[in-house]
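Chemist:
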Amino acid sequence: MGDIVLTIAHHLGVFAVVAMLGAEFAVLRAGVTPNAVRLLGRLDAIYGGAAILVLLAGFGRVFHNEANFYLANPVFWTKIGLFVVVGLLSVPPTLAFLRWNKALKADAAFTVPAGDLKRVRTLLHAELGLLFLIPIAAALMARGIGL
Numbered sequence: 000m001g002d003i004v005l006t007i008a009h010h011l012g013v014f015a016v017v018a019m020l021g022a023e024f025a026v027l028r029a030g031v032t033p034n035a036v037r038l039l040g041r042l043d044a045i046y047g048g049a050a051i052l053v054l055l056a057g058f059g060r061v062f063h064n065e066a067n068f069y070l071a072n073p074v075f076w077t078k079i080g081l082f083v084v085v086g087l088l089s090v091p092p093t094l095a096f097l098r099w100n101k102a103l104k105a106d107a108a109f110t111v112p113a114g115d116l117k118r119v120r121t122l123l124h125a126e127l128g129l130l131f132l133i134p135i136a137a138a139l140m141a142r143g144i145g146l
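Note that my numbering numbers the sequence shown so that position 9 is 8, with each residue one more than the last.
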């Protein structure tokens with residue numbers, strides 16, 4: 000029963016990560032309104048929580064099942080590496096969203112600088128691109144590739 004709970008949590012977390020990252024990308028466009036800035040902060044907080052759920056449930060699955068199968072598989076470590084890189088790429092956008100929200104609280108007329116907008120969109124593009132490689136690695140690993 001524990002494995003099914005971990006599996007469900009892991010998959011729901013993955014779907015939430017993808018949904019929140021996609022929502023951030025959709026909201027983040029030229030002419031970002033004050034409401035959009037506030038929404039980005041909330042979406043990013045959910046994104047972070049979902050990423051933590053993915054990590055905890057994923058490692059829970061590893062150690063609940065055959066840890067040796069996962070830990071000895073280079074494809075598993077590729078998945079983990081991709082996840083870490085996506086996580087690191089998410090730091091600058093998170094910091095930007097926090098900065099923007101702080102600036103908006105200090106000045107209701109605040110607008111997101113065009114350079115910031117472009118940088119954050121570029122990082123979200125990179126996150127999305129790398130994120131979609133993770134299920135490919137999962138499918139390969141599930142078929143025993145890498146052992």
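Yeah, the Cβ is synthetic: ideal placement off N, Cα and C, and Gly gets one too.
Predicted, not measured: the structure shown is a model, and the values here were computed from it.
Beta-carbon separation of Val61 and Gly12 under 8 Å?
Modeler: No, the Cβ-Cβ distance between Val61 and Gly12 is not below 8 Å.
Chemist: Using a Cβ-Cβ cut-off of 6 Å (strictly less than) and excluding sequence neighbours within five positions of Phe75, which residues of its own chain qualify?
Modeler: Taken in chain order, the residues that qualify are Tyr69, Met140.
Chemist: Tell me the DSSP secondary structure of Glu68 in three-state form.
Modeler: Per the sequence shown, the amino acid found at residue 68 is Phe instead of Glu. In the structure shown, Phe68 sits in a helix (DSSP, three-state: H, G or I).
Chemist: When you compare only the Cα positions, how much space is there between Phe30 and Gly48?
Modeler: In the sequence on display, residue 30 carries Gly and not Phe. Straight-line Cα distance between these residues: approximately 27 Å.
Chemist: Could you please give the first and the last residue of the uninterrupted alpha helix (DSSP H) stretch that includes Arg216?
Modeler: Nothing can be reported for residue 216: it is not among the residues displayed for the chain, which extend from 0 to 146.
Chemist: Please specify which runs of the alpha helix (DSSP H), each continuous and at least 4 residues long, are wholly inside the stretch 34-111, giving them in chain order.
Modeler: Segments of the alpha helix (DSSP H) lying fully in the stretch 34-111: 66-70, 73-105.
Chemist: Helix, strand or coil, according to DSSP, for Val17 in the structure here?
Modeler: In the structure shown, Val17 sits in a helix (DSSP, three-state: H, G or I).
Chemist: Are the Cβ atoms of Leu27 and Arg120 separated by less than 8 Å?
Modeler: Their beta carbons are under 8 Å apart, which means Leu27 touches Arg120 by this criterion.
Chemist: Can you tell me where the alpha helix (DSSP H) holding Leu116 begins and where it ends?
Modeler: 113-130 is the span of the alpha helix (DSSP H), which, as asked, contains Leu116.
Chemist: Within this structure, are the beta carbons of Asn67 and Gly145 separated by less than 8 Å?
Modeler: No, Cβ-Cβ distance for Asn67 and Gly145 is not below 8 Å.
Chemist: Leu94: buried (16+ other C-beta within 10 angstroms of its C-beta) or exposed?
Modeler: By the 10 Å Cβ count, Leu94 comes out exposed.
Chemist: Taking the alpha-carbon of Val84 as reference, which of Arg37, Leu42, Leu127, His63 has the nearest alpha-carbon?
Modeler: Taking only the C-alpha atoms, the option nearest Val84 is Leu127.
Chemist: Based on Cα-Cα distance, which residue from Ala8, Ala138, Asp115 lies nearest to Gly59?
Modeler: The candidate whose alpha carbon is nearest that of Gly59 is Ala8.
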